[in-house]
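Q: Just so you know, the protein sequences line up as chains A and B, in that order.
Going by the UniProt record's numbering, the first sequence opens with residue 1, and the numbers climb by one from there.
Going by the UniProt record's numbering, the second sequence opens with residue 1, and the numbers climb by one from there.
Using N, Cα and C, we set each Cβ at its ideal position, and we do this for glycine too.
Every value quoted in this text rests on a predicted model; they were computed, and no experiment measured them.
Please see the structure below; I have some questions.
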Amino acid sequence: MTAIPATGPSLSKRARGLLPYLGIAACALWCLAPFYWMVISAFRRPQDQFDNTVVPVRWSLENFTAVFSGGNAFGRALLNSLVVAGTTTLLTLLVGVVTAYALARLSFPFKNAVLGIIIATTMFPGVSQLVPLLKLFTGIGWINTYQAMVVPSLGFALPLSVWLLTTFFRQLPFELEQAAMVDGCTRGQAFRRIIVPLAAPGVFTTAIITFIAAWNEYLIALSMVNEKDMQTATVAISKFTGISGFDQPFGTQMAAGVIVTVPLVIVVLIFQRRIVAGLTAGGVK
Amino acid sequence: MATTINEGTPVIPTGRSRRAKVADSGGRLAALLLSPTMLVLALVIGYPVLAGFRESLFTRGEGLDADGFVVEGERFVGLDNYAAIFSGDRATAFWNAFGNTTFFTVTTVFLETVIGVAMALIMQRAFRGRAFVRASILVPWAIPTAISGLLWRWIFQADGAANAVLGTDILWTADGPAAKTAVIIAEVWKTSPFIALLVLAGLQMIPREVYEAAQVDGAGALQRFWRITLPLVKPALLVAVLFRMLDVLRMFDLPAVLVGVNQKSVQTLTTISWFEASNLRYGSAAAYATVLFVYIAVISYLFVKLLGADIIGQAREVRKKPATKAGAKTVRKVAA
Numbered sequence: 001m002t003a004i005p006a007t008g009p010s011l012s013k014r015a016r017g018l019l020p021y022l023g024i025a026a027c028a029l030w031c032l033a034p035f036y037w038m039v040i041s042a043f044r045r046p047q048d049q050f051d052n053t054v055v056p057v058r059w060s061l062e063n064f065t066a067v068f069s070g071g072n073a074f075g076r077a078l079l080n081s082l083v084v085a086g087t088t089t090l091l092t093l094l095v096g097v098v099t100a101y102a103l104a105r106l107s108f109p110f111k112n113a114v115l116g117i118i119i120a121t122t123m124f125p126g127v128s129q130l131v132p133l134l135k136l137f138t139g140i141g142w143i144n145t146y147q148a149m150v151v152p153s154l155g156f157a158l159p160l161s162v163w164l165l166t167t168f169f170r171q172l173p174f175e176l177e178q179a180a181m182v183d184g185c186t187r188g189q190a191f192r193r194i195i196v197p198l199a200a201p202g203v204f205t206t207a208i209i210t211f212i213a214a215w216n217e218y219l220i221a222l223s224m225v226n227e228k229d230m231q232t233a234t235v236a237i238s239k240f241t242g243i244s245g246f247d248q249p250f251g252t253q254m255a256a257g258v259i260v261t262v263p264l265v266i267v268v269l270i271f272q273r274r275i276v277a278g279l280t281a282g283g284v285k
Numbered sequence: 001m002a003t004t005i006n007e008g009t010p011v012i013p014t015g016r017s018r019r020a021k022v023a024d025s026g027g028r029l030a031a032l033l034l035s036p037t038m039l040v041l042a043l044v045i046g047y048p049v050l051a052g053f054r055e056s057l058f059t060r061g062e063g064l065d066a067d068g069f070v071v072e073g074e075r076f077v078g079l080d081n082y083a084a085i086f087s088g089d090r091a092t093a094f095w096n097a098f099g100n101t102t103f104f105t106v107t108t109v110f111l112e113t114v115i116g117v118a119m120a121l122i123m124q125r126a127f128r129g130r131a132f133v134r135a136s137i138l139v140p141w142a143i144p145t146a147i148s149g150l151l152w153r154w155i156f157q158a159d160g161a162a163n164a165v166l167g168t169d170i171l172w173t174a175d176g177p178a179a180k181t182a183v184i185i186a187e188v189w190k191t192s193p194f195i196a197l198l199v200l201a202g203l204q205m206i207p208r209e210v211y212e213a214a215q216v217d218g219a220g221a222l223q224r225f226w227r228i229t230l231p232l233v234k235p236a237l238l239v240a241v242l243f244r245m246l247d248v249l250r251m252f253d254l255p256a257v258l259v260g261v262n263q264k265s266v267q268t269l270t271t272i273s274w275f276e277a278s279n280l281r282y283g284s285a286a287a288y289a290t291v292l293f294v295y296i297a298v299i300s301y302l303f304v305k306l307l308g309a310d311i312i313g314q315a316r317e318v319r320k321k322p323a324t325k326a327g328a329k330t331v332r333k334v335a336a
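See below:
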């Protein structure tokens, strides 16, 4: 970048050609440097934890073993997260696919109003659910259960997935469905045999995005559960306790963070084209 | 005409009565298909809003009895919870949280927009590295906010990476103005890539010819940006900015994990409400939540009304496309 005002037009031209690459490097550095720091910190030995070298002096898996040992019970937390996020995703898809089909395919009065309501609910602050649902769940003995985390999560996951699915379904070639119905399929059959297979990629993308949103949930999971065995991964990591008492066990937390995020990052990178299409079409979250 | 054909009913359109019938059956089927979602939303969102408002008008017996148990029982206190928030002894706490929420919203959304647009412009220019940047841009998005809070808490440690890089000795995660900065940096890091993705999608819709024509007419790079790029990505950008604003207004994870709940400098309306609820002061917690709800509703209403952010526009717009492309063809065939 500093080379631009230097000598000669040829050099400045070459510098201009380099400029996009510098920009790219800046973007990538911005996005990846903190993540890199998490990974690197996880692989340091606990006694080197506060080193600020770019690469660990000694690599070690000690932080990772600490994640699963002692009072952290992280395996259980991962399972809890999987159950909660998985159930939320499954339920929202079951309900959402039907609704999104109606929104994408049928024309009916107040359709824009329905779309407006669905998009408005995505703006809903999660804390507004907190007190009423906390009281309700205390009353019916749901505190420290999976459903106490799944049900509130539907509040943000359902509008999100309906919205994404609707935008995906709109792009489907519905003439095929008409053709099937001309050939004697009922509307339901045409939907099952023609539309469902074609819609599968969009449904799959929606599933990933919804799962990530549910997996990342923190406020409700923190409030509805006070037993360690029922904590989700995000809550459990933030509550890790160190061996040395008051010190925050950053090494262990970074290792747990790596365990939680690296699979997500890999999945996201594999399906990045779809996910980008979903995010830009939905514009939510 | 096109919409009638798009109904998907395998019939030859025979005039008005047929069309009305189709729309009617469509309406009934739609109601049937929509009802599960609407029912769930009414239960998990509609009910809490109303019950929360009711709750905000009550107060619980807050004392502990002789055995140390919380005394149950609620009293109707009308608007006392709100009065206490706005002007009572906790008024400073509320206005502090309200101010922080607004401050975070304005600063982070502004920075995200600037950085996001810059990133999008870079990605659009770069052909070879685009896939790489797009992949790396998804990384902050995929990291749970609570984890990113921990990650930044680690970076912002007294002897952590941030101070080492900057050569400073700032106590970022202690209560104070530095904590605000830390929250803003962490939030902007995580979400500006999201704006970049949306803006990039908008940029790719702009035809090249527009720029070429402007260049022929002698428009400079800056002029092209202000006069062509910005107005044309404005719809996409407005929606992105609206969603970001609403997300920051309800921010909880990041300040709670990065600095802590009930820390004055990063207290937001959500953290203060959560703190009240966790101390079993449900009435005032619900009042804070209701105020936040109304604040968010007002802001989004103003945003949509004043700036004309068309949030369901994408849904409407995409609907037209198949109608003109495929629909028109079908119509012509049927007409012939």
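Quick one: list the residues of chain A neighbouring residue 55(B), beta-carbon separation under 9 Å, in chain order.
A: 131, 132, 135
Q: Given a limit of 8 Å on CB to CB distance, which residues of the region 26-46 of chain A reach chain B?
A: 26, 27, 28, 30, 31, 32, 34, 35, 37, 38, 41
Q: Residue ranges of each alpha helix (DSSP H) run of no fewer than 4 residues wholly in the region 197-228 of chain B, ordered along the chain?
A: Inside the region 197-228 of chain B, DSSP marks whole alpha helix (DSSP H) runs of 4 or more residues at positions 208-216, 221-224, from first to last along the chain.
Q: Roughly how many angstroms separate the alpha carbons of residue 242(B) and residue 235(B), rounded to a whole number?
A: 11 Å
Q: What are the residues in the region 116-130 of chain B lying within 9 Å of chain A by C-beta distance?
A: 118, 119, 121, 122, 123, 125, 126, 127, 128, 129, 130
Q: Verify the CB distance criterion: does residue 21(B) have a CB-CB separation below 8 Å to chain A?
A: Model confidence at residue 21(B) stands at a pLDDT of 49, short of 50, so the residue's coordinates are unreliable; what they give is reported in the following sentence. So no, residue 21(B) is outside the interface.
Q: Output yes or no for whether 8 Å exceeds the beta carbon distance between residue 95(A) and residue 257(B).
A: no
Q: Among residues of its own chain, excluding the 5 on either side of residue 122(B), which ones have a beta-carbon nearer than 6 Å to its beta-carbon?
A: none
Q: What's the gap between the Cα of residue 198(B) and the Cα of residue 280(A)?
A: 5 Å
Q: According to DSSP, which residues form a beta bridge with residue 59(A)?
A: 44(A)
Q: Restricting to Cα atoms, I'd like to know which of 104(A), 41(A), 250(A), 25(A) is closest to residue 164(A).
A: 104(A)
Q: Spatial neighbours of residue 214(B) within its chain, please: C-beta separation below 8 Å, excluding the five flanking residues on both sides.
A: 223, 224, 227, 228
Q: Taking all protein chains shown into account, decide if residue 134(B) is buried (16 or more other Cβ within 10 angstroms of its Cβ) or exposed.
A: buried
Q: Just how far apart, CA to CA, sit residue 149(A) and residue 20(A)?
A: Those two C-alpha atoms are separated by around 45 Å.
Q: For residue 93(B), which option in 57(B), 231(B), 261(B) has the closest C-alpha, if you only look at C-alpha atoms?
A: Here the closest residue by C-alpha is 261(B).
Q: For the region 179-227 of chain A, which segments carrying the alpha helix (DSSP H) assignment without a break, of at least 4 residues, lie completely within its bounds, in sequence order?
A: 187-190, 196-215, 219-224
Q: Going by DSSP, name the residue or residues bridged to residue 59(B).
A: 75(B)
Q: Give me the Cβ distance between residue 219(A) and residue 252(B), rounded to the nearest whole Å; I'm assuming they're in contact under 8 Å.
A: 5 Å
Q: Report the three-state DSSP secondary structure of residue 21(B) (helix, strand or coil).
A: Low confidence applies here, because residue 21(B) scores a pLDDT of 49, under 50, leaving its location unreliable and the question unanswered by this model.
Q: For residue 139(A), which of 30(A), 43(A), 224(A), 119(A) has the nearest alpha-carbon?
A: 224(A)
Q: Since residue 105(A) is in the alpha helix (DSSP H), which residue starts that stretch and which ends it?
A: 74-105
Q: Could you tell me how far apart the beta carbons of residue 249(B) and residue 185(B) are, in whole angstroms, since I believe they sit closer than 8 Å?
A: The Cβ separation is near 19 Å, so there is no contact.
Q: What would DSSP say about residue 239(A), mapped onto helix, strand or coil?
A: Coil.
Q: Measure from the C-beta of residue 89(B) to each C-beta in chain A and report whether the shortest distance is under 8 Å.
A: no
Q: Could you run through the region 91-121 of chain A and flag, in chain order, every residue whose CB is less than 8 Å away from some CB of chain B?
A: 95, 96, 98, 99, 101, 102, 103, 105, 106, 107, 108, 109, 111, 112, 114, 115, 116, 117, 118, 119, 120, 121
Q: Classify residue 247(B): buried if its beta carbon has 16 or more other beta carbons within 10 angstroms, exposed otherwise.
A: buried
Q: Find out if the Cβ-Cβ distance for the pair residue 162(A), residue 100(A) is shorter than 8 Å.
A: yes
Q: Could you have a look at residue 16(A) and say whether DSSP puts it in helix, strand or coil?
A: helix
Q: Within 10 Å of its beta-carbon, does residue 92(A) have 16 or more other beta-carbons around it, so buried, or fewer, so exposed?
A: buried
Q: Would you mind giving the Cβ-Cβ distance between residue 271(A) and residue 208(A), rounded to the nearest angstrom? I have them listed as a contact below 8 Å.
A: So it is a contact: roughly 6 Å between Cβ atoms.
Q: Should residue 123(A) be flagged as near chain B, meaning a C-beta pair shorter than 8 Å?
A: yes
Q: Starting from the C-beta of residue 276(B), find all residues in its chain whose C-beta is less than 7 Å away, skip the five residues before and the five after it, and write them out in chain order.
A: 284, 285, 288
Q: So, at 8 Å on beta carbons, what are the nonlocal neighbours of residue 90(B) in its own chain, with the 5 sequence-adjacent residues on each side left out?
A: Around residue 90(B): 84, 284.
Q: Excluding the 5 residues preceding and the 5 following residue 267(A) in the sequence, name in chain order all residues of the same chain whose CB lies nearer than 7 Å to its CB.
A: 208
Q: Determine, using beta carbons only, whether residue 252(A) and residue 52(A) come nearer to each other than 8 Å.
A: no
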